[in-house]
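This note's numbering puts the first residue of the sequence shown at 0, with every later residue one more than the last. C-beta: ideal position from N, C-alpha, C; glycine also. Report on one structure; see the data block that follows.
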Amino acid sequence: MPDSNFAERSEEQMSGAQVIAQALKTQDVEYIFGIVGIPVTEIAIAAQQLGIKYIGMRNEQAVDICAEELGNNVKPAVTLLGDISAVSKQLLEELDKTAWEYPPESKWWKTLREKMKSNEAASKELASKKSLPMNYYTVFYHVQEQLPRDCFVVSEGANTMDIGRTVLQNYLPRHRLDAGTFGTMGVGLGFAIAAAMVAKDRSPGQRVICVEGDSAFGFSGMEVETICRYNLPIILLVVNNNGIYQGFDMNTWKETSKFRDPTAVVPPMCLLPNSHYEQIMTAFGGKGYFVETPEELQKSLRQSLADTTKPSLINIMIEPQATRKAQDFHWLTRSNM
Numbered sequence: 000m001p002d003s004n005f006a007e008r009s010e011e012q013m014s015g016a017q018v019i020a021q022a023l024k025t026q027d028v029e030y031i032f033g034i035v036g037i038p039v040t041e042i043a044i045a046a047q048q049l050g051i052k053y054i055g056m057r058n059e060q061a062v063d064i065c066a067e068e069l070g071n072n073v074k075p076a077v078t079l080l081g082d083i084s085a086v087s088k089q090l091l092e093e094l095d096k097t098a099w100e101y102p103p104e105s106k107w108w109k110t111l112r113e114k115m116k117s118n119e120a121a122s123k124e125l126a127s128k129k130s131l132p133m134n135y136y137t138v139f140y141h142v143q144e145q146l147p148r149d150c151f152v153v154s155e156g157a158n159t160m161d162i163g164r165t166v167l168q169n170y171l172p173r174h175r176l177d178a179g180t181f182g183t184m185g186v187g188l189g190f191a192i193a194a195a196m197v198a199k200d201r202s203p204g205q206r207v208i209c210v211e212g213d214s215a216f217g218f219s220g221m222e223v224e225t226i227c228r229y230n231l232p233i234i235l236l237v238v239n240n241n242g243i244y245q246g247f248d249m250n251t252w253k254e255t256s257k258f259r260d261p262t263a264v265v266p267p268m269c270l271l272p273n274s275h276y277e278q279i280m281t282a283f284g285g286k287g288y289f290v291e292t293p294e295e296l297q298k299s300l301r302q303s304l305a306d307t308t309k310p311s312l313i314n315i316m317i318e319p320q321a322t323r324k325a326q327d328f329h330w331l332t333r334s335n336m
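Here it is as structure tokens:
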């Protein structure tokens with residue numbers, strides 16, 4: 000049935016913003032995420048008047064579905080192009096008609112299980128290292144120990160996202176958000192904010208754990224102000240290796256740039272060593288932690304999980320030259336340029 004309020008309003012003079020807001024309301028839209036500006040401001044105000052919540056972001060993002068990307072890495076046997084919701088629904092409907100599963104004793108399953116065991120052993124060996132600074136696996140091992148079972152995990156970065164996928168576990172559907180098969184940077188904090196809005200309204204007490212590489216954090220770091228403005232239940236973990244893939248420690252940085260301008264001698268992937276990203280969080284009223292050891296990481300994460308009154312950022316220093324375990328497939332690391 001048509002919305003009676005809409006029918007009444009249509010007899011009056013309505014602005015374009017009000018028409019858009021009313022259309023969103025009739026489609027049961029509950030949240031709008033946007034960048035303030037013309038015409039977003041007018042639409043946001045009109046939406047709020049109708050009970051729709053508006054979350055003002057600081058960094059604009061884009062989403063693209065491109066058929067040309069199908070098979071970009073390896074040639075697939077079958078490709079599916081379409082809206083993910085519609086395609087998933089169609090697949091589930093077909094599976095309901097024919098109860099089938101891949102034979103569990105097949106050669107493929109046997110090979111896969113063996114590979115899983117070898118990967119797990121390699122990860123455990125790296126996670127058990129006691130040397131400082133920590134490596135990625137040590138960090139994620141201690142984080143995984145304390146993660147709430149129902150938390151949302153957002154991961155963003157290069158090694159940070161890729162390694163985090165293999166160590167940080169999810170037990171519920173739709174509780175992991177990352178760049179998927181692409182190396183999209185800058186989406187992590189936006190994902191975390193959206194998840195936190197849903198958690199805050201529908202599941203009070205549920206936490207969002209946003210794991211960022213230091214380079215990835217730089218793309219949307221000022222969204223920390225957005226997080227604090229709305230007091231969202233987000234814990235940010237910045238895995239800081241002083242660079243993009245790899246960086247320098249402070250001594251190497253000083254020696255390298257001692258006699259020449261850094262623009263001439265510092266490798267382009269290096270970032271300023273020991274940057275205190277946690278101070279961005281404290282600047283807006285959240286809690287910030289700078290950690291260098293497993294014990295400090297455990298304590299700061301425990302405190303952050305216990306404090307549900309404000310968001311937190313834990314800046315975790317790791318070995319600047321830390322890398323992932325060797326990759327078997329060249330398309331995981333090769334450039335597509």
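Please classify residue 205: does DSSP put it in a helix, a strand, or coil? On the sequence shown, residue 205 is found 206 positions in, with the first residue counted as 1. Coil at residue 205, not helix or strand.
Which value, in whole angstroms, describes the spacing of the CA atoms of residue 183 and residue 239? Within the sequence shown, residue 183 is the residue found at index 184, counting from 1. Within the sequence shown, residue 239 is the residue found at index 240, counting from 1. If you take the alpha carbons of residue 183 and residue 239, they lie about 19 Å apart.
Using CA coordinates, which residue listed in 17, 106, 138 is at the minimum distance from residue 353? The structure shown has nothing for residue 353, since the chain only spans 0 to 336.
Keeping to the same chain, check which residues put their C-beta closer than 6 Å to that of residue 269; ignore five residues upstream and five downstream. Here residue 269 is taken as the residue at index 270 of the sequence shown, counted from 1. Cβ neighbours of residue 269 beyond the five flanking positions: 242, 246, 247.
In or out: residue 62 buried (at least 16 other Cβ within 10 Å) or exposed? Your numbering for residue 62 matches position 63 in the sequence shown. Note that residue 62 scores 43 on pLDDT, short of 50, meaning its location in the model is unreliable; the coordinates nonetheless yield the value given after this. The residue is exposed, with fewer than 16 neighbouring Cβ atoms inside 10 Å.
Validate contact between the region 201 to 221 and the region 142 to 162 using beta carbons, cut 8 Å, 3 pairs: yes
Using a threshold of 8 Å, state whether the C-beta atoms of residue 232 and residue 193 are closer than that. Position 233 of the sequence shown, counted from the start, is the residue given in the question as residue 232. Position 194 of the sequence shown, counted from the start, is the residue given in the question as residue 193. Cβ distance not < 8 Å, so residue 232 and residue 193 don't count as in contact.
Taking the straight line between their C-alpha atoms, what separation do you get for residue 234 and residue 146? Position 235 of the sequence shown holds residue 234. Position 147 of the sequence shown holds residue 146. The alpha-carbon atoms of residue 234 and residue 146 are separated by roughly 11 Å.
Residue 286: first and last residue of the uninterrupted beta strand (DSSP E) it sits in: The residue given as residue 286 occupies position 287 in the sequence shown. It spans 286 to 290 - the beta strand (DSSP E) in which residue 286 sits, taken as one unbroken run.
Distance between residue 217 and residue 172 (C-alpha atoms, nearest Å): Taking the sequence shown and counting its residues from 1, the one referred to as residue 172 is at position 173. Taking the sequence shown and counting its residues from 1, the one referred to as residue 217 is at position 218. So the two alpha carbons sit approximately 29 Å from each other.
Give me, in chain order, the residues of the same chain whose beta-carbon lies closer than 6 Å to that of residue 281; leave out the 5 immediate sequence neighbours on both sides. The residue you call residue 281 lines up with position 282 of the sequence shown. So the qualifying residues of the chain are 287.
Mapping the DSSP letters down to three states, classify residue 268 as helix, strand or coil. As a working mapping, residue 268 is identified with position 269 in the sequence shown. Looking at residue 268 - three-state DSSP - the assignment turns out to be coil, as it is neither helix nor strand.
Would you decide whether residue 83 is buried or exposed? Buried here means 16 or more other CB atoms lie within 10 Å of its CB. Position 84 of the sequence shown holds residue 83. That one is exposed.
Residue 118 burial status per 10 Å Cβ neighbour count (16 or more: buried): Walking along the sequence shown from the start, residue 118 turns up at place 119. Exposed: under 16 other Cβ atoms inside 10 Å.
By alpha-carbon positions, which one of 253, 135, 109 ends up nearest to residue 121? If you number the sequence shown from 1, residue 121 lands on position 122. When each option's Cα is compared against that of residue 121, the closest is 135.
Could you pull out every residue in the same chain whose Cβ sits closer than 7 Å to the Cβ of residue 46, ignoring the five residues on either side in sequence? As a first step, residue 46 is located in the sequence shown; it is residue number 47 there, counting from the start. These residues qualify, in order along the chain: 20, 23, 31, 53.
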